[in-house]
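Each remark here refers to the structure printed beneath this line.
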Amino acid sequence: MIKSLILMACLFSFQSFAFADKDVSYILTEEWTRLRAHVENLEPEGDIGGYMNFKTYGKVTLLWRLSEDGTDNEVIRFYKNRKGDGHFAITYHKSDDIIDGKTVIRRFIGPEPGGWINHTIDYHTGEYLQRQGYFPELFGDEYKLMKEWNITPIRE
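Numbering (this note's numbering), first residue to last: 1441 to 1596.
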């Protein structure tokens, strides 16, 4: 009886991890698609060395580099100075350089240069591939930025 209960608990915990992976994949796919559509139609204020476009929203700078045909690596990044020293950023990479043989979406959230968490999904299949780091301590204005841009904090 106890062995059966332990087996059932293990099966349910594996199932919950699978559901969590699907949730992360859905979140990152939705955020990337929505934000890419936004910056694709956005008139930039300028560019940084011809490399990235930018537009400022108060204390936040939105930067982006998109491919004309969508096949090159792309970046969308929110950047702001952090209280005290340092910076806070939310950065999305669509890249075929991160994991050999795959095009991925990777989202970093956190203070720079350290203290971030990232999640990575397969761009084509939505398969959840990995997580690195730990969810950082954030200030209220950083949560406000995430809420305003509908960016979901994933704490796993």
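Ideal Cβ placement from N, Cα and C applies to all residues, glycine included.
Once the 5 residues before and after residue i are set aside, which same chain residues still bring their CB inside 7 Å of it?
i: K1495; result: L1482, P1484, E1485 and L1502
i: S1453; result: With a pLDDT of 36 at S1453, under the threshold of 50, the predicted position of this residue should be treated as unreliable, though the coordinate-derived value follows. There are no such residues.
i: E1582; result: F1528
i: I1516; result: L1475, R1476, V1479, W1504 and Y1532
Could you spell out the range, first to last residue, of the beta strand (DSSP E) harbouring residue i?
i: D1617; result: Lying outside 1441 to 1596, the shown extent of the chain, residue 1617 is not represented and no answer is given.
i: G1566; result: From DSSP, G1566 is part of no beta strand (DSSP E); its letter is neither H nor E.
i: R1517; result: E1514 to N1521
i: R1595; result: From DSSP, R1595 is part of no beta strand (DSSP E); its letter is neither H nor E.
i: D1487; result: G1486 to I1488
i: Y1497; result: M1492 to Y1497
i: L1503; result: V1500 to R1505
In chain order, what residues of the same chain have a beta carbon less than 6 Å from the beta carbon of residue i, not counting five sequence neighbours either side?
i: T1560; result: V1544, R1546, L1569 and Q1570
i: N1513; result: S1535
In chain order, what residues of the same chain lie with their CB nearer than 8 Å to the CB of residue i, ignoring the 5 residues before and after it?
i: T1592; result: I1467, E1471 and M1586
Just list the residues that DSSP pairs residue i with in beta bridges.
i: S1535; result: V1544
i: N1558; result: F1548 and Q1572
i: H1527; result: N1521 and E1552
What is the C-beta distance between residue i and residue j, in whole angstroms, given that I count them as a contact (C-beta under 8 Å)?
i: L1475; j: Y1532; result: 7 Å
Can residue i be considered in contact with the ligand SAM, in the sense that its beta carbon sits closer than 8 Å to one or more heavy atoms?
i: Y1568; result: No copy of the ligand SAM occurs in the structure displayed, which carries no ligand at all.
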